[in-house]
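Residue numbers (the numbering used here), protein chains in the order written: chain A, 1 to 221; chain B, 222 to 408. What follows is a single structure, written as C-alpha cells, with notes after it.
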C-alpha cells in the first residue's frame, strides 16, 4: 500500500531552488551505484540503442551514452513537472487537473510504443501523485521494449521531512555524481512492496538500498 | 607683383568656397558613399549578421558564416559554415550547418556535420544529429542526440536486437511535437 504524504499547503518541489544550508554541501557527491551498474550491464555488447534520460541534458550523460554507440533522448522532466503543475496553486493538487496531467504526459512520455531500449528515470517519479504516477509508469511500460531496463531512485528515509533533490550525472558505468539542487518533500514515500505494486506490469523489480537512504530500483520490462 | 600676390591669395578663397560644396557632398554621403566602405567591411570583418530587430520567414542559404540574433521562421542552411544563434536569436527552423553555436533559442531539428555547442541559458528543442556536441550546464535541451560517426569500412548494419517495426524516437519526435510542427511549418 502506498503511504501517501500529500501536503495540504501549496507546494512545488522546484520553487525553492536554493539548496538548504543545513550543513548539506552543494558540492557533487561521487559514489558507486549498483543500480547504474546493473542498468549498463544490461546494455553490454549492444549498439545503436535508444536511451531515455529524464535528468535533462548534461555533457556527462550525453558523452557517456553516445560514446557507447547509443542514441540518447534527453528531457528535464522535473522542469516539465514544474511547468505543468508548479506555475500556480498547489503542485500536488494540480496533478489531478486532467488538462495539466495530459500536458505533462504529452511533454514527457508521449512516444510510440517500444521506442526505447532503456530509461534513466532517476528520482522523478516520487514527485508524482498516485493517479498520474501510475499513468506515467504505464506509459513508460508502453514505450520501452521488452527486456529493456528502467532505473529509478526513491528516497527511503520516511522519517525525514524533506529529501534532497539531486542532479544525477554519470561518471562511469558504476559511478555517478549527485549534485544537490534542493531539499524537498517527496509527494509520497515507497517501500519495496509499494514499488512492486507500482511496477506490477513489468517483468521484475530489483532493489538496492544505499547508505544515503536512496532506494535504487532496476525494473525489467 | 601685388596683383600676382592677390591672385595667389585668391585661390584659398575659392578653395574655401568648395568647402560648402564639400559639406554638401557630406550631406549626401550616407546615401552615396556608405555602400563602398560597408562592402569592404563585410568582406574583412567576419560573419554576416541578422540583427535582433530582424524577423525573416522563409529559407536562408548562406555560403559564409552567419550570426542570427533575430527571429527566423523557416529553415537555415549553411552547409560548410558556422551558424551562431545569438542570445536574442529565436529560430523556429530546421538547421543544417558545419558547426552550430546556440546562445539563444532553436525549435527545430539541427544537423551539424562537425559540432554543436549549446551554451548556458540556450534553449534547444528538437533532434540533433552531429559528430560532436558540447552542452554547458544551464542549457536546456529536449530531444534526441544522434552522434554520427564517420564510417571506417564498417558495415552499416548494427548489432542491436530492435524489432523491425520499431520506430526510433528521433523519427517521431514526441515532446518534440512542438519541434516537429516547427520543422514542418518551416518547409
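Every residue gets a Cβ at the ideal spot worked out from N, C-alpha and C, and that includes glycine.
- Option nearest residue 345 (chain B) by Cα separation, candidates A:136, A:74 and A:101: A:74
- Query: Quick one: what's got a C-beta closer than 6 Å to residue 126 (chain A)'s C-beta in the same chain, skipping five residues either side?
  - Reply: 154 and 186
- Measuring only between beta-carbons, confirm whether residue 420 (chain B) sits less than 8 Å from chain A. Lying outside 222 to 408, the shown extent of chain B, residue 420 (chain B) is not represented and no answer is given.
- Message: For residue 220 (chain A) and residue 42 (chain A), I'd like the C-alpha separation in whole angstroms.
- Response: Their Cα atoms are separated by approximately 10 Å.
- Task: Could you spell out where the alpha helix (DSSP H) holding residue 197 (chain A) opens and where it closes?
- Result: 192 to 198
- Chain-order list of residues whose beta-carbon lies under 6 Å from that of residue 299 (chain B) (same chain, five-residue window excluded): 283, 287 and 318
- C-beta contact flag for residue 310 (chain B) and residue 291 (chain B) at 8 Å: yes
- Task: Step through the CB atoms of chain A and report whether any lies within less than 8 Å of the CB of residue 314 (chain B).
- Result: no
- Query: Around the Cβ of residue 218 (chain A), are there at least 16 other Cβ atoms within 10 angstroms (buried) or fewer (exposed)?
  - Reply: buried
- Query: In terms of residue numbering, what span does the alpha helix (DSSP H) encompassing residue 91 (chain A) cover?
  - Reply: 91 to 94
- Chain-ordered chain A contacts of residue 366 (chain B) [CB-CB under 9 Å]: 57, 62, 65, 66, 71, 72, 73 and 74
- Query: Taking a cut of 7 Å between CB atoms, which residues from the stretch 319 to 343 of chain B lie near chain E?
  - Reply: Structure shown: chain E not included; protein chains present are A and B.
- Reduced DSSP category for residue 157 (chain A) - H, G, I as helix; E, B as strand; rest coil: coil
- Query: Ordered along the chain, which non-local residues of its own chain (more than five positions away) have a Cβ less than 7 Å from that of residue 203 (chain A)?
  - Reply: Counting only Cβ-Cβ distances below 7 Å, and skipping sequence neighbours, we find 220 and 221.
- Query: At a cut of 8 Å, does the stretch 110 to 117 of chain A reach the stretch 175 to 191 of chain A through at least three beta carbon pairs?
  - Reply: no
- Would you verify that the beta carbon of residue 369 (chain B) is, or is not, closer than 8 Å to some beta carbon of chain A? It does not; no Cβ of chain A falls within 8 Å.
- Item | Partners in chain A for residue 363 (chain B), counting only beta-carbon separations shorter than 8 Å | Simply 57, 74, 75 and 76.
- residue 357 (chain B) beta carbon less than 8 Å from that of residue 341 (chain B): Yes, these two residues count as a Cβ contact at 8 Å.
- Item | Straight-line gap, residue 147 (chain A) to residue 68 (chain A) (C-alpha atoms, nearest Å) | Rounded to whole angstroms, the gap between the alpha carbons of residue 147 (chain A) and residue 68 (chain A) is 19 Å.
- Message: Can you give me the C-alpha to C-alpha distance between residue 128 (chain A) and residue 152 (chain A), rounded to a whole angstrom?
- Response: A direct Cα-to-Cα measurement between residue 128 (chain A) and residue 152 (chain A) gives close to 13 Å.
- Query: Leaving out five residues before and five after residue 51 (chain A) in sequence, what residues of the same chain have Cβ atoms less than 6 Å from its Cβ?
  - Reply: 65, 70, 72 and 118
- Reducing DSSP to helix, strand and coil, say where residue 269 (chain B) ends up. strand
- Runs of beta strand (DSSP E) lying entirely within the stretch 68 to 123 of chain A, each at least 3 residues, in chain order: 71 to 74 and 116 to 122
- Query: If we ignore side chains and look at the alpha-carbon of each, how far apart do residue 58 (chain A) and residue 40 (chain A) end up?
  - Reply: 18 Å
- Message: Suppose you measure from the CA of residue 100 (chain A) to the CA of residue 94 (chain A); what does that come to, to the nearest Å?
- Response: 7 Å
- Task: Taking the CB atoms as reference points, tell me whether residue 170 (chain A) and residue 61 (chain A) lie closer together than 8 Å.
- Result: yes
- Message: Taking the straight line between their C-alpha atoms, what separation do you get for residue 143 (chain A) and residue 111 (chain A)?
- Response: 6 Å
- Task: Measure the C-alpha to C-alpha separation of residue 133 (chain A) and residue 212 (chain A) and round it to an integer number of angstroms.
- Result: 24 Å
- Got a sec: is the Cβ-Cβ distance from residue 360 (chain B) to anything in chain A below 8 Å? yes
- How many angstroms separate the CA atom of residue 350 (chain B) from the CA atom of residue 369 (chain B)? 6 Å
- Query: For residue 44 (chain A), which residues from the same chain have a beta carbon less than 8 Å from its beta carbon, with the 5 sequence-adjacent residues on both sides left out?
  - Reply: none
- Determine the closest residue to residue 161 (chain A) out of A:183, A:209 and A:87, with distance taken between C-alpha atoms. A:183
- Beta bridge counterpart(s) of residue 315 (chain B) as assigned by DSSP: In the DSSP output, where bridge partners are listed per residue, residue 315 (chain B) has B:296.
- How would you label residue 367 (chain B), buried or exposed, when you count the other beta carbons within 10 angstroms and need 16 or more for buried? Only buried fits residue 367 (chain B), as 16 or more other CB atoms lie within 10 angstroms of its CB.
- Message: Applying the 10 Å Cβ sphere with the 16-neighbour rule, what's the burial state of residue 87 (chain A)?
- Response: It counts as exposed.
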